[in-house]
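Protein chains: 2
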Amino acid sequence: MSRAATTSDVFNAVAEPRRREILTVLVGCERSVGELVELLGLEQPSVSKHLRVLREVELVAARREGKQMFYRTNAEAIKPLHEWTTFFQRYWSHQLKRVKARAEANED
Amino acid sequence: MSRAATTSDVFNAVAEPRRREILTVLVGCERSVGELVELLGLEQPSVSKHLRVLREVELVAARREGKQMFYRTNAEAIKPLHEWTTFFQRYWSHQLKRVKARAEANED
DNA sequence: TAGACATATTCCCATAAAGGAATATATATT
DNA sequence: AATATATATTCCTTTATGGGAATATGTCTA
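Chain order of the listed sequences is A and B. Remember, our numbering sits 3 above the position in the first sequence when you count from 1. Remember, our numbering sits 3 above the position in the second sequence when you count from 1.
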């Protein structure tokens with residue numbers, strides 16, 4: 004089997020650096036595809052393809068205005084990712100003591 | 004060109020569900036490869052390969068004890084992911100008003 | 001209706017992926 | 001040294017990927 008499809012879940016969609024860049028640009032700020040092409044310095048088809056992936060997992064939403072399509076980041080969709088990482092939060096840095104205690108508790 | 008290698012950055016390494024599962028199991032709780040094989044119901048080579056990927060991006064650390072290798076999650080390495088998602092936090096749900104204001108401010 | 005413009009899709013290519021099977025390596029035990 | 005045990009690696013196959021080039025679709029304007 005090959006890698007899971009980028010369109011199958013948010014983790015996969017976000018694994019691609021360009022797409023992360025797009026999400027960063029589009030958060031709280033709608034942009035047309037053309038604007039993105041300029042901002043990112045990518046080919047237009049490339050941008051459209053990334054947007055498609057992002058749209059399929061609902062990381063962005065689109066709106067048509069005449070000939071143009073305006074995209075914006077749907078921050079909500081990033082929440083699952085955030086929550087997943089938050090689970091690990093208590094295990095890093097400024098809580099070394101707790102981490103240790105927990106680790107020892109788990110090692111039966 | 005294809006996607007960036009899973010071994011090149013944390014986002015990619017974490018895109019694979021089994022690897023996320025491994026990280027969850029190994030946080031605050033050291034386990035041998037054999038234990039992981041049992042817990043996850045995967046083939047041993049498969050587990051070893053996933054662990055290799057995780058080790059290359061330092062998401063896990065390893066320790067040898069006799070014939071066995073014990074792995075544990077290095078939560079620190081998840082921080083970048085957490086920070087990236089945190090950037091979007093202010094844009095979701097319970098702060099709709101702020102989001103709107105921000106969006107309007109950005110649309111010159 | 002025929003462009004012109006903005007965006008989306010398709011086709012092709014080289015590369016990377018994950019699982020399975022087989023095999024290699026490392027360590028302990030006899 | 002020979003064997004058993006635990007883990008790692010390699011080879012193979014199928015599938016997904018992302019970029020580039022070309023083309024298709026959709027929408028506006030003359």
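Glycine included, every Cβ here is placed at the ideal spot set by N, Cα and C.
Buried versus exposed, by CB contacts within 10 Å (16 or more), residue i
i             : result
residue 44(B) : exposed
residue 75(A) : buried
residue 10(A) : exposed
residue 8(A)  : exposed
residue 61(B) : exposed
residue 19(A) : buried
Residue(s) in a DSSP beta bridge with residue i
i             : result
residue 74(A) : 34(A), 65(A)
Own chain residues within Cβ distance below 8 Å of residue i, not counting five before or after
i             : result
residue 42(A) : 28, 34
residue 92(A) : none
Interface partners of residue i on chain B, CB under 9 Å
i             : result
residue 92(A) : 78, 81, 82, 85
residue 69(A) : Correct list: empty, because the minimum Cβ distance to chain B is about 17 Å.
Chain A residues whose Cβ lies nearer than 9 Å to that of residue i
i              : result
residue 50(B)  : Going along chain A, no residue has its Cβ under 9 Å from residue 50(B), so there is no contact; the nearest lies around 16 Å.
residue 160(B) : There is no way to answer for residue 160(B), as the model of chain B reaches only from 4 to 111.
Sequence-distant residues of its chain with Cβ nearer than 7 Å to residue i (five each side left out)
i             : result
residue 58(B) : 65
residue 83(B) : 13
Residues near residue i by beta carbon distance below 6 Å, same chain, minus five either side
i             : result
residue 21(A) : 53
residue 39(B) : 50
Within chain A, the residues that residue i reaches when beta carbons sit closer than 7 Å
i             : result
residue 73(B) : Near residue 73(B) there are no residues of chain A at all, since even the closest Cβ is about 10 Å away, more than 7 Å.
residue 63(B) : What residue 63(B) touches in chain A: nothing, since even the nearest Cβ is about 12 Å away.
Interface residues of chain B facing residue i [CB-CB closer than 7 Å]
i             : result
residue 17(A) : 14
Distance between beta carbons of residue j and residue i, contact taken as under 8 Å
i             : j             : result
residue 81(A) : residue 88(B) : 5 Å
residue 47(A) : residue 36(A) : 7 Å
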